[in-house]
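Numbering (this note's numbering), first residue to last: 3 to 411. So the structure is just underneath, and the comments pick up after that.
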């Protein structure tokens, strides 16, 4: 056995270094796409993600550092078929090559759809969709809370249906963007605020239809948690006939459109009058039963020897009973008439409280065209900005030519 020259003996670190230089110096491995199935997935407390990408013949160790991992729209999971992009490198401590991942895409489905399915499965497991937690809507709510855009078609549809069905119902609006980056937070905040108003008995969360991306706020965990936490029933009235959002599944009742949400939540005048008539009939029936009982007791009492000696007293009691009967019947009729007067009065109040009444007087709402955020000050605009002006009957897109802010404003 020959003894190797001392100068030809390499350390483990040197061998590993040379392998790393060889692999990392290969241009074909600097930006590589790899298809496989994720296994051994281990999220670390640091935020880094460690997993193995495998197929039927081989496996490849992978690491995705926190800065990239937090950008994923979905959750990595064992068994997920994926296409991964990154660079091949060597981890010196273990003497192993691995893929340093920069991107992960689901293989066969879009990331937005995968994120939707993963969130739906997780919330379902927690019981947020359970039928047993669904609450019945109040038949005659004192007030209805609305969470939607103050200038959208959804609000106009709800107001139209509400005026037709029951003009006296009070509507309380929590304005919120229903599309864009801030939409989920604004909708969740609106639900929390309006559900705390004492007289609000039901909340309608509404917007018009749209694509999966446009409805993303209603597929967010933030909105789902807000609906689940509401102390009063919530109606999800997003304008899409066939597809269900996460908000639909968590809500107590799902309506296919904003108009349908108003039909479900707001009673009609006919229903109110029928209910009032029913209460009147029940009250009169109870009154008649009471009077009949008193008459029977009186009849029995008149047969006693003692009562025969007091005919004037018995006559007075009969007259008093008849008088009370007439007074109670009159009170029931008066109450019904007052309720009708209140309906008419509330109709006029409703018109004055309508958010559209302000816009109808010539005002407009200004929003940044790109983000959908409200523009509250001229100082927040610059020349060439694109904005949308929302009027009572539509929207106009404009470009800012010049900004003139008031001094001291």
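Yeah, the Cβ is synthetic: ideal placement off N, Cα and C, and Gly gets one too. In this text, all values refer to a predicted model and were calculated from it rather than measured experimentally.
Counted as a single uninterrupted DSSP element, the beta strand (DSSP E) harbouring residue 54 occupies residues 51-56.
Contact between residue 98 and residue 40 is ruled out by a C-beta separation of about 18 Å, above the 8 Å threshold. Counting every other CB atom within 10 Å of its CB across the protein chains shown gives residue 142 a total below 16, marking it as exposed. Remark: C-beta atoms of residue 149 and residue 204 do not approach each other more closely than 7 Å.
Nearest in C-alpha terms to residue 177, of all of 168, 14, 165, 190, is 190. Under the DSSP assignment, residue 263 falls outside any beta strand (DSSP E), being part of the alpha helix (DSSP H) whose first and last residues are 260-267.
Separation of the CB atoms of residue 220 and residue 247 is rounded to 4 Å, and the pair is thereby assigned contact status at 8 Å. Annotation for residue 266: 139, 237, 255, 257 place their beta carbon closer than 7 Å to its own, counting only its chain and skipping 5 residues before and after.
Between residue 38 and residue 55, the C-beta spacing is below 7 Å.
Just so you know, the alpha carbons of residue 187 and residue 334 end up roughly 49 Å apart.
As for any beta strand (DSSP E) of minimum length 3 sitting wholly inside the segment 70-106, the runs are 83-93, ordered along the chain. For residue 383, there is no enclosing alpha helix (DSSP H), as DSSP marks it with neither H nor E. Distance from the Cα of residue 47 is smallest, within the candidate group 68, 33, 321, 63, for 68. If you draw a 10 Å sphere on the C-beta of residue 29, you find fewer than 16 other C-beta atoms in it, and that means exposed. Annotated as distal: residue 230 and residue 199, with beta-carbon spacing of 7 Å or more. In its chain, beyond the 5 residues on either side, 264, 265, 268, 269, 270, 271 have a beta carbon closer than 8 Å to the beta carbon of residue 167.
Residues of the same chain with a CB within less than 7 Å of the CB of residue 80, apart from the 5 flanking positions on each side, are 40, 41, 43 in chain order. Taking C-beta separations shorter than 7 Å and ignoring five residues to either side along the sequence, the partners of residue 225 in its chain run 186, 189, 190, 219, 249, following chain order.
Excluding sequence positions up to five before and after residue 88, its CB lies within less than 6 Å of the CB of 101, 102, 103, 104, all in the same chain and listed in chain order. When beta bridges are read from the DSSP output, residue 39 appears opposite 56, 83. If you look at residue 18, you'll find it in the alpha helix (DSSP H) that goes 14-26. As DSSP reads the structure, residue 393 sits in a beta bridge with 396. Rounded to the nearest whole angstrom, the C-alpha separation of residue 388 and residue 360 is 24 Å. Comparing alpha-carbon positions, the option among 299, 366, 183 lying closest to residue 398 turns out to be 366. Sorting 82, 134, 180, 94 by C-alpha distance to the C-alpha of residue 110 places 82 at the top. Linking residue 206 to residue 164 through their CA atoms gives a straight-line distance of about 12 Å. Rounded to the nearest whole angstrom, the CA to CA distance from residue 208 to residue 202 is 16 Å.
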